[in-house]
Amino acid sequence: MNAFHHHVARLGANILDQSRFARQGGARRGLIWLRFLRLAVVLVFTPAVVMAQTVPPTVAPPAAAPPPASAAAAPPAAGTPSGGTAVGGERLNLFEARAVPVDVTGASVAEARDRAFTDGRVAALNIVLERIAAHGDLARLPQLAPNDVVEMVGEFSVANERTSAVRYLADLTVRFNPDAVRRLLRTARIPFSETVSRPLVVLPLYAESAGSPTVLWDANNPWRDAFAHLQNPNGLVPLILPAGDAQDAHLKIDQVNARDAAALSDLAARYNAGGVVIAKASGGVPGGDPVQIVLTVIRGIASPTDTVMSSSAPAGQSREDMLAAAAAVVADAVGDDWKRQSRQEVREPVAVTALASLTELKDWLQIRDALRNMPLVAAIELQAMTRDRAQMTLRYGGDPSTLALAFARQGLTATQQSGVWMLSLPHPPAVTQ
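Per the numbering used here, the sequence shown starts with residue 47, numbered consecutively.
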């Protein structure tokens, strides 16, 4: 087996026999029969179009070595690869709020419990709504009566219950009827998304002031600590804080500032992620200016998105509290940006045929990763491959008329010919004879 076939063999979980996809060209110049990658090779991955109530786990499994390009051949299991930390922990269901704390005092424990259940359901609904809709849009939502919220609940459970004569404390888990939540938002004409992004690796660069040195992997990086303790159960974009071990430390601050595509891609691949979030922060000194943030999101070969923001805090807050609030602002901004990209009517996925032009194996890996980052793409079915092209079927859960824009957002050149999408990287080299 030569090197090319060795690498191709890593693209699928099972390499099936006797595929008959031939290079098209002149009169019988020798058909290239390849014994790999038949129609049944299906690459399943996140983001998945979320149907019903189940969401794929948010992070991929641990790996002893940098994962192969085919690491997404099966849905990732819970856990964080390579020792990284999943920011905010695991989330299992888009329409479920877990471990919502309640603490209510009343005239009696019975009264306190009833109020706690009511307040807890309302708080749980807010968590679900903030998970799938942009924060700014929710201001248009009408005020709901407690009974209206109760009618939307599908399942309800209680844990860690503690009582006194007049006080009730517990953690509530509330699962809402998905159709009821969708109906509420549609009636208020609030767009929402049910598409879970591939995880992103957070790179927290911090400088105490404009003239201070920038730290990233240092043990005394309070900005990193803020992300390590961030509670983010609401995000459609799972965030991973890298382990910061010797292998991670090969990525230098200069490379991050320069947006070194190869270095950042290697880090994302190590954590089975779809890209990186570069979060540069300065300030956070008590009594000083607000925390200033420059946020850059890089997903594969798509053009980076940059956002400049600040996070103010009440007087008297510690640096830790100020940076914790700023980290929450970053998580919300990343999530809202994804919701704007992916908020479409979720529908049954349609089959879309695509043909990708390749000059070498890594072209396929880049194109495949770009497709995996597309909102509402539920699966890629790789049908066949030669040395210069790959034929596939995409399962797309959005409006097919939006595909051209979706390809462009991921940095792909795309044209449609006779119902087939022709895909390539932005600047393919000239074809040699």
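C-beta: ideal position from N, C-alpha, C; glycine also.
- prompt: How about residue 285 and residue 239: are their beta carbons less than 9 Å apart?
  reply: Within the sequence shown, residue 285 is the residue found at index 239, counting from 1. Within the sequence shown, residue 239 is the residue found at index 193, counting from 1. No; because the gap between Cβ atoms is not below 9 Å, this pair is not in contact.
query: Ordered along the chain, which non-local residues of its own chain (more than five positions away) have a Cβ less than 7 Å from that of residue 435?
result: Residue mapping note: residue 435 aligns to position 389 of the sequence shown, counting from 1. Only 401, 402, 403, 404 meet the Cβ criterion.
- prompt: In the DSSP assignment, what residue or residues form a beta bridge with residue 222?
  reply: Here the question's residue 222 lines up with position 176 in the sequence shown. According to DSSP, which records beta bridges pairwise, residue 222 is partnered with 199.
message: For residue 380 and residue 145, I'd like the C-alpha separation in whole angstroms.
response: In the sequence shown, residue 380 corresponds to position 334, counting from 1. In the sequence shown, residue 145 corresponds to position 99, counting from 1. Whole-angstrom Cα-Cα distance: 24 Å.
query: Ends of the alpha helix (DSSP H) at residue 336?
result: Position 290 of the sequence shown holds residue 336. Looking at the DSSP string, residue 336 is not in any alpha helix (DSSP H), and its letter there is neither H nor E.
- prompt: So what's residue 420 in DSSP terms, helix, strand or just coil?
  reply: As a working mapping, residue 420 is identified with position 374 in the sequence shown. The answer is coil: DSSP assigns residue 420 none of H, G, I, E or B.
- request: Consult DSSP for residue 95 and reduce its assignment to one of helix, strand or coil.
  value: On the sequence shown, position 49 is the one that residue 95 refers to. Model confidence at residue 95 stands at a pLDDT of 31, short of 50, so the residue's coordinates are unreliable and nothing is read from them.
Reference residue 345, options 384, 334, 378, closest by Cα: Sequence index remark: in the sequence shown, residue 345 carries index 299 (1-based). Here the closest residue by C-alpha is 384.
message: In this structure, how does DSSP classify residue 347 when only helix, strand and coil are distinguished?
response: For the purposes of this step, residue 347 is identified with residue 301 of the sequence shown, where counting begins at 1. Note: residue 347 maps to coil in three-state DSSP.
message: Measuring straight from C-alpha to C-alpha, what distance separates residue 209 and residue 220?
response: By one-based count along the sequence shown, residue 209 stands at place 163. By one-based count along the sequence shown, residue 220 stands at place 174. Looking at the two C-alpha atoms, the distance is approximately 20 Å.
- prompt: Sorted by chain position, which residues of the same chain lie with C-beta nearer than 6 Å to residue 207's C-beta, five sequence neighbours on each side aside?
  reply: For the purposes of this step, residue 207 is identified with residue 161 of the sequence shown, where counting begins at 1. Contacts found: 216.
- prompt: Which residues share a DSSP beta bridge with residue 356?
  reply: For the purposes of this step, residue 356 is identified with residue 310 of the sequence shown, where counting begins at 1. According to DSSP, which records beta bridges pairwise, residue 356 is partnered with 338.
query: If you compare alpha carbons, which of 325, 389, 427 is closest to residue 445?
result: Counting from one through the sequence shown, the residue named residue 445 turns up at place 399. It is 389 whose Cα lies nearest to the Cα of residue 445.
- prompt: Taking contact to mean at least 3 C-beta pairs separated by less than 8 Å, is the region 176-193 in contact with the region 244-257?
  reply: no
task: Answer yes or no: do residue 357 and residue 253 have a C-beta to C-beta separation smaller than 9 Å?
output: The residue you call residue 357 lines up with position 311 of the sequence shown. The residue you call residue 253 lines up with position 207 of the sequence shown. Contact: no.
message: Contact between the region 187-206 and the region 159-172 is defined here as three or more beta-carbon pairs at a separation below 8 Å; is this criterion met?
response: yes
message: Using a 10 Å radius around the Cβ and a threshold of 16 neighbouring Cβ atoms, would you call residue 417 buried or exposed?
response: Taking the first residue of the sequence shown as 1, we reach residue 417 at position 371. It counts as buried.
query: Closest to residue 223 by CA distance: which of 460, 425, 309, 139 is it?
result: Position 177 of the sequence shown, counted from the start, is the residue given in the question as residue 223. Considering only alpha carbons, the answer is 139.
query: Going by alpha carbons, who is nearest to residue 459 out of 409, 330, 158, 235?
result: Numbered from its first residue, the sequence shown carries residue 459 at position 413. Per the Cα distances, 409.
For residue 204 and residue 192, the rounded distance between their alpha carbons: For this step, residue 192 is matched to residue 146 along the sequence shown. For this step, residue 204 is matched to residue 158 along the sequence shown. Answer to the nearest angstrom: the Cα atoms are 18 Å apart.
- request: Would you be able to state if there are at least three C-beta pairs under 8 Å between the region 367-374 and the region 318-334?
  value: yes
- prompt: Can you check whether the CB of residue 316 is closer than 9 Å to the CB of residue 288?
  reply: Taking the first residue of the sequence shown as 1, we reach residue 288 at position 242. Taking the first residue of the sequence shown as 1, we reach residue 316 at position 270. Contact flag set, yes.
message: Per the DSSP calculation, residue 249 is bridged to which residue(s)?
response: Walking along the sequence shown from the start, residue 249 turns up at place 203. According to DSSP, residue 249 bridges with 324.
task: Taking only the alpha-carbon atoms, compute the straight-line gap between residue 227 and residue 334 and give it to the nearest angstrom.
output: Translated into the one-based positions of the sequence shown, residue 227 becomes position 181. Translated into the one-based positions of the sequence shown, residue 334 becomes position 288. Going from the Cα of residue 227 to the Cα of residue 334 covers about 42 Å.
- prompt: Straight-line CA distance for residue 471 to residue 364?
  reply: The residue you call residue 471 lines up with position 425 of the sequence shown. The residue you call residue 364 lines up with position 318 of the sequence shown. Distance between the alpha carbons of residue 471 and residue 364: 48 Å.
message: Just to confirm the assignment, what range does the alpha helix (DSSP H) spanning residue 299 have?
response: For this step, residue 299 is matched to residue 253 along the sequence shown. 299-303 is the span of the alpha helix (DSSP H), which, as asked, contains residue 299.
message: So, at 8 Å on beta carbons, what are the nonlocal neighbours of residue 236 in its own chain, with the 5 sequence-adjacent residues on each side left out?
response: Translated into positions along the sequence shown, residue 236 becomes position 190. Within the same chain, residue 236 has close Cβ partners 179, 183, 184, 186, 187.
field: In DSSP terms, what residue 470 is bridged to
entry: Walking along the sequence shown from the start, residue 470 turns up at place 424. Looking at the DSSP assignment, residue 470 forms a beta bridge with 459.
- prompt: Within 10 angstroms of its Cβ, does residue 189 collect 16 or more other Cβ (buried), or is it exposed?
  reply: By 1-based counting over the sequence shown, the position of residue 189 is 143. Exposed, since its Cβ has fewer than 16 Cβ neighbours within 10 Å.
- prompt: Considering only residues of the same chain and omitting the five flanking positions on each side of residue 367, which have a CB-CB separation below 8 Å?
  reply: Taking the first residue of the sequence shown as position 1, residue 367 is located at position 321. So the qualifying residues of the chain are 359.
query: Does the beta-carbon distance from residue 307 to residue 297 come in below 9 Å?
result: The count along the sequence shown starts at 1 and reaches residue 307 at position 261. The count along the sequence shown starts at 1 and reaches residue 297 at position 251. The answer is no: Cβ separation not under 9 Å.
query: So, residue 167 versus residue 141, is the Cβ gap smaller than 9 Å?
result: For this step, residue 167 is matched to residue 121 along the sequence shown. For this step, residue 141 is matched to residue 95 along the sequence shown. For residue 167 and residue 141, no; Cβs fall outside 9 Å.
task: Along the alpha helix (DSSP H) that carries residue 402, what are the first and last residues, could you check?
output: In the sequence shown, residue 402 corresponds to position 356, counting from 1. Element bounds for residue 402: not the alpha helix (DSSP H) but the beta strand (DSSP E), 396-403.
- prompt: Taking residue 456 as the reference, which of 468, 419, 429, 440 has the closest Cα?
  reply: Your numbering for residue 456 matches position 410 in the sequence shown. If we check each option's Cα against that of residue 456, 419 comes out closest.
- request: Since I believe residue 213 is in contact with residue 151 (beta carbons under 8 Å), could you give me their beta-carbon distance rounded to a whole number of angstroms?
  value: Walking along the sequence shown from the start, residue 151 turns up at place 105. Walking along the sequence shown from the start, residue 213 turns up at place 167. So it is a contact: roughly 5 Å between Cβ atoms.
message: Can you check which of these residues, 362, 161, 430, 300, is closest to residue 336 by C-alpha distance?
response: Taking the sequence shown and counting its residues from 1, one reaches residue 336 at position 290. Considering only alpha carbons, the answer is 362.
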